[in-house]
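Heads up, the thing below is written out as structure tokens.
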Amino acid sequence: MNTKNAGALCALGMLGLLAQSAHADEASTVKVGAGIDYTSGKYGTSTTTDITQVPLTLGYETGDWTFKLDVPYIHVTGADNVIPGVGPVTNTNPKKRGHGKNSSAAVTPPRTPTTGSASGLGDITAAATYEVYHNQAANFGIDLTGKVKFGTANADEGLGTGQNDYSFNVDLYKGFGAWTAFGGVGYTWLGSSQYIRLNDVWTANAGASYKLDAHNSFGAYYDYRERASSTSFARNELTGYYSHKFTSAWKAQAYVTKGFTDGSPDWGIGATVVYAF
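Mapped onto mature numbering (1 follows the signal peptide of the UniProt record, and there is no 0), the consecutive letters of the sequence shown carry residue numbers -24 to -1, 1 to 253.
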């Protein structure tokens, strides 16, 4: 069984388990959502790469556990060495974006990246978070998260690496009245292929949010990731967001992102809508 089929089957299996659990435990919460994410940047090249993603999400919360499944559709236009979710890499795949689909011989990538466009299913991700510690009086907590990114995106089209990635994160938060500070560290085991060689990376994040009232809040956070290869760059980006609860069930969020290194897009914008029941 290839990686894509395995990822799809795992995703379908998780969907079934979530659906069964939702009926079995009425105290639990199911969340379904959709969004759009657009980023643009040169990533150290002379070509602008635009990436649009439309993710569909399914979440399940019960007790101290939270499970989440993301299934994105993705469209990329730009340099063939820029991989969504990874950034600029050395990509020797002869069928990569902009090179056509009929070439089979391995080639040396040109000094100047070729450009092209491609669309299709992105990498499906599944995550499980456990709230290992929570002190309600101090408004302090610690979460542990494990995540698998299945290599379901088409590697020949440059929509992904075609390999699975595995991540583990530790996140903390502390409330100070209407303010909440949060941050965390993580480690990701990046899958490599015969065309794209990647190193495992450390990640970190830190931010704060402010609750205006029962329906509105805003915040910002900074993301860092080590460079994934000797020819790529570290990721450094700042995201600001605004959230609004229309009702107890409906919630929307809009955000903007600014990148500060060639491992990040120059800028990005997006929005999500979530329904809970």
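All C-beta atoms in this analysis are idealised placements derived from N, C-alpha and C, irrespective of residue type, glycine included.
These figures come from a predicted structure and were not determined experimentally.
Legend entry - Cα-Cα separation, Phe152 to Gln112: 12 Å
Legend entry - Val6 versus Glu37 - alpha carbon distance: 6 Å
Inset, instruction - Work out the CA separation of Ala114 and Gly96 for me, nearest whole Å. - result: 46 Å
Legend entry - Proximity below 8 Å, CB of Ser143 to CB of Leu174: no
Legend entry - Residues near Val83 by beta carbon distance below 6 Å, same chain, minus five either side: A caution first: Val83 carries a pLDDT of 44, below 50, which makes its placement in the model unreliable, though a value can still be read off. Excluding positions up to five away in sequence, the list reads Pro70.
Inset, instruction - Return the CA-CA distance between Trp243 and Leu188, expressed in angstroms with no decimal places. - result: 26 Å
Inset, instruction - Could you have a look at Tyr106 and say whether DSSP puts it in helix, strand or coil? - result: strand
Legend entry - Own chain residues within Cβ distance below 6 Å of Lys30, not counting five before or after: It is Val, not Lys, that sits at residue 30 in the sequence shown. If we look at Val30 and ignore the five residues flanking it on each side, its Cβ neighbours are Ile12 and Tyr49.
Inset, instruction - Grab me the residues of Phe43's own chain with a C-beta within less than 6 Å of its C-beta, minus the 5 sequence neighbours each way, in chain order. - result: Tyr36 and Ala104
Inset, instruction - Taking Asn212 as the reference, give the member of Thr28, Val62, Phe116 and Leu45 with the closest Cα. - result: Val62
Inset, instruction - Please state whether DSSP places Ala230 in a helix, a strand or coil. - result: strand
Legend entry - Between the CA atoms of Ile59 and Gly162 - distance to the nearest angstrom: 21 Å
Inset, instruction - Buried or exposed for Tyr109, please, with buried defined as at least 16 other CB atoms from any protein chain shown within 10 angstroms of its CB. - result: exposed
Legend entry - Local conformation of Pro60 per DSSP, three classes: coil
Legend entry - DSSP three-state assignment for Val65, whether helix, strand or coil: coil
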